[in-house]
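**Q**
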Amino acid sequence: MTKAELLRLVDEVSELAESKENKELQAWWDAREPGRFLYQIDPTIGMWSDILDFSLLEHYSDPIAYAGNVLRIALYRFKEFGDVPLAKSITLGFDAPFESTLFGMEWILSEHIEPWLGREPAIANKEDLDKIGMPDFYKSGLMPLAHRYYEELRGVLPEDFEVVFPNWRRSQFGVAWHIRGHNDLLMDMIDDQEFFHKLMSYLTDVAMDYCQKRADFLGKEVEPTWLGNDEVNCPTVSPGMYENLILPYEIKLAEFLGGLTNWHSCGDTTPLVHLIDRIPGLQTGYCGPWNDMRKTVEVLGKNNRPVYIGLNIVDDVLEADGKAQDKKIQQIKETCADVVYWVRMGPMGTLNGPEGDLPKIKEWVARAQRANPDYPVRRQHQLGG
């Protein structure tokens with residue numbers, strides 16, 4: 017992608033962002049009205065590379081290509097799904113491995129599969145923790161790439177286009193899972209809790225240090241962040257293990273940042289929601305597809321706090337017939353009638369290829385909009401059986 021091609025995409029996004037349709041959709045989201053049906057369609061970057069036919073090797077090596085792909089994704093979502101408003105911004109993100117590369121973990125790329133980590137843990141032996149030190153905000157892991165992307169895009173994009181520098185988005189337990197290895201980490205939780213606490217305390221200090229240095233770099237105050245926590249779920253950890261070994265560090269990080277924008281786990285966290293609710297300044301809750309929806313929204317949806325309702329991508333969408341899709345949409349509407357909620361289809365990988373998956377996704381969009389006649393953006397897609 018050339019700079020000229022990128023700037024043409026910038027112009028298109030800027031024009032549509034100021035459209036009546038986009039402003040109405042933005043107002044719909046901003047209102048946070050209980051019982052109002054909102055949804056997000058979130059394929060993984062790997063699936064997007066299949067849908068829009070771009071290489072992730074180029075995406076993660078060329079900032080111009082990266083920005084162009086981000087804008088192409090935003091335009092496709094707005095035109096085809098009508099799910100979230102267009103915004104004049106580009107968020108830099110290097111997927112789930114980002115934080116773990118700061119400790120020396122290998123970053124593995126491919127053409128059409130989202131990035132992942134090498135299998136050699138950074139803390140293979142407990143003694144390694146004392147040697148690893150504090151990551152360098154400019155030199156460690158993917159930080160040189162993040163800074164290169166940020167500086168180049170700031171120089172290319174218009175001043176009214178925001179470039180969002182990567183924030184810390186992985187929970188301390190999630191990073192520990194990566195850099196220690198899940199088998200050893202789970203054994204540490206059982207037979208060496210002193211070391212486990214030392215590791216979690218270290219990772220909390222690293223997360224706070226990163227967020228402070230990011231704020232200083234951008235000339236702003238530290239701010240709440242989204243916390244990815246897929247490794248926290250039942251039965252991987254019990255409520256007691258979460259309460260005593262993990263939650264205190266999440267609370268400490270949230271207190272430092274002034275809250276969290278979201279606490280996310282795709283796994284079953286129903287037995288944990290009363291504990292997650294203790295996190296200060298938690299702005300949105302998350303109800304994964306295996307959660308008890310009613311119990312989750314009763315706890316996390318208090319005081320008008322929005323709750324993401326995660327769909328089971330296969331059962332509720334890609335392999336669901338029209339009747340099953342309608343049934344799930346209606347179940348969500350009835351269960352969440354008194355809370356603010358946002359339905360999330362994702363993160364979603366390819367099941368049957370774009371040619372098989374996209375018609376099912378668009379059918380779901382059509383059924384969701386048919387069930388919500390006052391939804392401000394209309395997208396006409398064919399309904400299946």
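Mapped onto this note's numbering, the consecutive letters of the sequence shown carry residue numbers 17 to 401.
Just so it is clear, CB atoms sit at the ideal spot from N, CA and C, and this is done for glycine as well.
1) Buried or exposed for His-410, going by 16 or more other Cβ atoms inside 10 Å?
2) What is the C-beta distance between Leu-108 and Tyr-166, in whole angstroms, given that I count them as a contact (C-beta under 8 Å)?
3) Among Trp-193, Leu-102, Glu-314 and Asp-208, which residue has its Cα nearest to the Cα of Phe-177?
4) Suppose the cutoff is 7 Å on Cβ atoms and the five residues either side in sequence are ignored; what does the same chain contact list for Lys-29 look like?
5) Can you tell me which of the three DSSP states Phe-53 falls into?
6) Rounded to a whole number of angstroms, what is the C-alpha to C-alpha distance between Gly-244 and Asp-293?
7) According to DSSP, Ser-105 sits in a beta bridge with which residue or residues?
8) Along the chain, where does the beta strand (DSSP E) containing Cys-303 start, and where does it finish?
9) Could you tell me which whole beta strand (DSSP E) segments of length 3 or greater appear in the stretch 261-286?
10) Check this for me: beta carbons of Pro-251 and Gly-275, under 9 Å apart or not?
11) So Ile-67 packs on Pro-370, CB below 8 Å; how close in whole Å?
12) Going by other Cβ atoms of all chains shown within 10 Å of its Cβ, with 16 needed for buried, is Met-203 buried or exposed?
13) Give the straight-line distance between the Cα atoms of Asp-27 and Ala-20, rounded to the nearest whole angstrom.
14) When DSSP builds the beta bridges, which residues end up paired with Leu-215?
15) What residue range is occupied by the uninterrupted beta strand (DSSP E) comprising Gly-84?
16) Touch check for the stretch 168-176 and the stretch 222-241: three-plus C-beta pairs under 8 Å?
17) Are the stretch 66-80 and the stretch 43-54 touching, with three or more C-beta to C-beta distances below 8 Å?
18) In this structure, what does DSSP give as the bridge partners for Val-323?
19) Between Thr-351 and Arg-196, what straight-line distance do the alpha-carbon atoms span, to the nearest angstrom?
20) Taking a contact to mean a Cβ-Cβ separation below 9 Å, would you say Ala-384 touches Val-359 in this structure?
21) Which residue's Cα is closest to the Cα of Thr-285: Trp-306, Leu-201, Leu-125 and Glu-239?
22) Give the range of the beta strand (DSSP E) segment to which Gly-244 is assigned.
23) Ile-124 and Gly-134 look like a contact to me (Cβ under 8 Å); what is the Cβ gap, rounded to whole Å?
24) Report the residue from Pro-392, Leu-399 and Gln-396 whose alpha carbon sits nearest the alpha carbon of Phe-53.
25) Consult DSSP for Arg-294 and reduce its assignment to one of helix, strand or coil.
26) What is the DSSP secondary structure of Arg-185, reduced to helix, strand or coil?
27) Report yes if the C-beta distance between Lys-118 and Gln-188 is below 9 Å; otherwise report no.
28) Under 7 Å Cβ to Cβ from Lys-142, same chain only, skipping five residues before and after it: list those, please.
**A** Once the coordinates are examined:
1) Residue 410 cannot be examined here, being either before or after the span of the chain that is shown, 17 to 401.
2) Counting from one through the sequence shown, the residue named residue 108 turns up at place 92. Counting from one through the sequence shown, the residue named residue 166 turns up at place 150. Yes, they are in contact, since the Cβ atoms of Leu-108 and Tyr-166 sit about 6 Å apart, within 8 Å.
3) Within the sequence shown, the letter at position 161 stands for residue 177. It is Leu-102.
4) Position 13 of the sequence shown, counted from the start, is the residue given in the question as residue 29. Before going further, note that residue 29 is Val rather than Lys in the sequence given. Same-chain partners within the cutoff: Leu-87, Ala-90, Leu-91, Leu-102 and Lys-104.
5) Position 37 of the sequence shown, counted from the first residue, corresponds to residue 53. Correct three-state label for Phe-53: strand.
6) Taking the first residue of the sequence shown as position 1, residue 244 is located at position 228. Taking the first residue of the sequence shown as position 1, residue 293 is located at position 277. In a straight line, the C-alpha of Gly-244 is about 16 Å away from that of Asp-293.
7) If you number the sequence shown from 1, residue 105 lands on position 89. The partner list for Ser-105 (beta bridge, DSSP) reads Glu-178.
8) Numbered from 1 along the sequence shown, position 287 holds the residue referred to as residue 303. 301-303 is the span of the beta strand (DSSP E), which, as asked, contains Cys-303.
9) 276-280
10) Stepping through the sequence shown from its first residue, residue 251 is reached at position 235. Stepping through the sequence shown from its first residue, residue 275 is reached at position 259. Result no, Cβ atoms of Pro-251 and Gly-275 do not sit closer than 9 Å.
11) Looking up residue 67 in the sequence shown gives position 51. Looking up residue 370 in the sequence shown gives position 354. Right, their Cβ atoms sit about 5 Å apart.
12) In the sequence shown, residue 203 corresponds to position 187, counting from 1. Under this definition Met-203 is an exposed residue.
13) As a first step, residue 27 must be located in the sequence shown, where it is residue number 11. As a first step, residue 20 must be located in the sequence shown, where it is residue number 4. Straight-line Cα distance between these residues: approximately 11 Å.
14) Locating residue 215 in the sequence shown gives position 199, counting from the first residue. In DSSP, Leu-215 forms no bridge with anything.
15) Residue mapping note: residue 84 aligns to position 68 of the sequence shown, counting from 1. Gly-84 -> not in any beta strand (DSSP E); alpha helix (DSSP H) instead, spanning 79-92.
16) no
17) no
18) The sequence position of residue 323 within the sequence shown is 307, counting from 1. The partner list for Val-323 (beta bridge, DSSP) reads Gly-301 and Tyr-357.
19) Working through the sequence shown from its first residue, we reach residue 351 at position 335. Working through the sequence shown from its first residue, we reach residue 196 at position 180. Roughly 40 Å between the two C-alpha positions.
20) For the purposes of this step, residue 384 is taken as the residue at position 368 of the sequence shown. For the purposes of this step, residue 359 is taken as the residue at position 343 of the sequence shown. Yes; because the gap between Cβ atoms is below 9 Å, this pair is in contact.
21) To locate residue 285, count along the sequence shown from 1; it is residue 269. Minimum Cα distance to Thr-285 is reached at Trp-306.
22) Start at 1 with the first residue of the sequence shown, and residue 244 comes out as number 228. Taken as a continuous stretch (DSSP letters only), the beta strand (DSSP E) holding Gly-244 covers 241-244.
23) Translated into positions along the sequence shown, residue 124 becomes position 108. Translated into positions along the sequence shown, residue 134 becomes position 118. With 8 Å as the limit, Ile-124 and Gly-134 qualify as a contact, their Cβ atoms being about 6 Å apart.
24) Within the sequence shown, residue 53 is the residue found at index 37, counting from 1. Answer by Cα proximity: Pro-392.
25) Walking along the sequence shown from the start, residue 294 turns up at place 278. Three-state result, Arg-294: coil.
26) Here residue 185 refers to the residue found at position 169 of the sequence shown. In this structure, Arg-185 counts as coil in the three-state DSSP scheme.
27) Position 102 of the sequence shown, counted from the start, is the residue given in the question as residue 118. Position 172 of the sequence shown, counted from the start, is the residue given in the question as residue 188. In the sequence as displayed, the identity of residue 118 is Leu instead of Lys. In this structure, Gln-188 does not lie closer than 9 Å to Leu-118 by Cβ.
28) To locate residue 142, count along the sequence shown from 1; it is residue 126. Phe-211.
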